[in-house]
Amino acid sequence: MATEPGTTPPVWTGSPNPSAGAEGGEAQAASGETLTADLKSPDGTTVATAEFVFADGHATVTVQTTAPGQLTPGFHGMHIHSVGKCEASSVAPTGGAPGDFNSAGGHFQVGGHSGHPASGDLSSLQVREDGSAMQVTTTDAFTAADLEAGQKTAIIIHEKADNFANIPPERYQQVNGTPGPDEMTMSTGDAGKRVACGVITGQ
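If you read the sequence shown in my numbering, its first letter stands for residue 74, the second for the next number, and so on.
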């Protein structure tokens with residue numbers, strides 16, 4: 074970035090400054106950690122890839138479809154889920170009826186964080202009419218270590234758009250008359266079924 078108005082910003086070649094020494098190079102490598110995921114449909118078809126690049130205190134998340142036609146046009150909710158397990162027709166860690174990728178659990182929360190938005194909430198994926206999509210978004214809600222800890226994590230694409238529980242209580246009410254979003258909306262954003270899932274791993 075230029076330090077003075079009108080000046081040309083320096084060109085970064087991708088190589089560490091020789092004067093920085095080994096310590097500087099190690100710090101640069103640590104801050105540029107990358108995680109990836111291959112998202113597949115319940116029948117095992119590869120749908121998209123995801124890349125998480127950590128640098129400068131945040132993650133840059135890139136999700137791109139691998140072939141057109143696997144996802145329907147429109148917006149699809151996309152989140153990180155709390156368990157790195159993508160099993161078709163599986164039961165959630167908390168129990169209940171089986172469903173595709175229920176094994177991945179609910180939306181990911183960093184330790185000590187609760188409420189909405191969840192740590193694993195991501196920008197929605199917009200699929201074009203030809204079934205292709207690419208999304209680049211950033212977040213500082215988690216680190217690479219957070220995603221790889223414990224049971225690890227998974228990234229999931231849903232069948233519908235995510236409303237992010239944006240249900241103003243002064244305008245909408247639940248079927249029982251209670252104002253605002255219900256528990257289902259709060260936990261899922263009404264994004265519907267899980268149509269693609271990928272376990273997040275280091276390269």
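Cβ coordinates follow ideal geometry from the N, Cα and C atoms, glycine included.
Can you pull the DSSP bridge partners for residue 228? 153, 271
What residue range does the beta strand (DSSP E) around residue 124 cover? 119-128
Assuming residue 133 and residue 211 are in contact, meaning their beta carbons sit under 8 Å apart, how far apart are those beta carbons, in whole angstroms? 5 Å
Reducing DSSP to helix, strand and coil, say where residue 111 ends up. strand
Just to check my reading of the structure: residue 112 and residue 270 have Cβ atoms closer than 8 Å, yes? What is that Cβ distance to the nearest angstrom? 6 Å
Excluding the 5 residues preceding and the 5 following residue 142 in the sequence, name in chain order all residues of the same chain whose CB lies nearer than 6 Å to its CB. 204
Using DSSP with H/G/I as helix, E/B as strand and the rest coil, what is residue 140? coil
Using a Cβ-Cβ cutoff of less than 6 Å, which residues in the same chain neighbour residue 146 once the five nearest sequence positions on both sides are dropped? 200, 202
Beta-carbon proximity list for residue 160, same chain, < 6 Å, skipping 5 on both sides: 176
DSSP three-state assignment for residue 219, whether helix, strand or coil: helix
By the three-class DSSP mapping on this structure, what secondary structure does residue 197 have? coil
Buried or exposed (CB count within 10 angstroms, at least 16 for buried), residue 186: exposed
Start-to-end residues for the beta strand (DSSP E) that takes in residue 164: First-last for residue 164: undefined, no H or E at that position.
Please classify residue 193 as buried or exposed, where buried requires at least 16 neighbouring CB atoms within 10 angstroms. buried
Residue 114 to residue 207, Cα distance in whole Å? 17 Å
Please name the residue in 108, 234, 224, 173 whose C-alpha comes closest to that of residue 135. 108
Looking at C-beta atoms only, is the number of pairs between the region 217-237 and the region 151-166 that lie closer than 8 Å three or more? yes
Alpha carbon to alpha carbon, what distance is there between residue 231 and residue 272? 15 Å
Measuring alpha carbon to alpha carbon, tell me which residue in 129, 190, 197 is nearest residue 180. 190
Between which residues of its own chain and residue 219 is the CB-CB distance below 7 Å, once the five residues before and five after are set aside? 183
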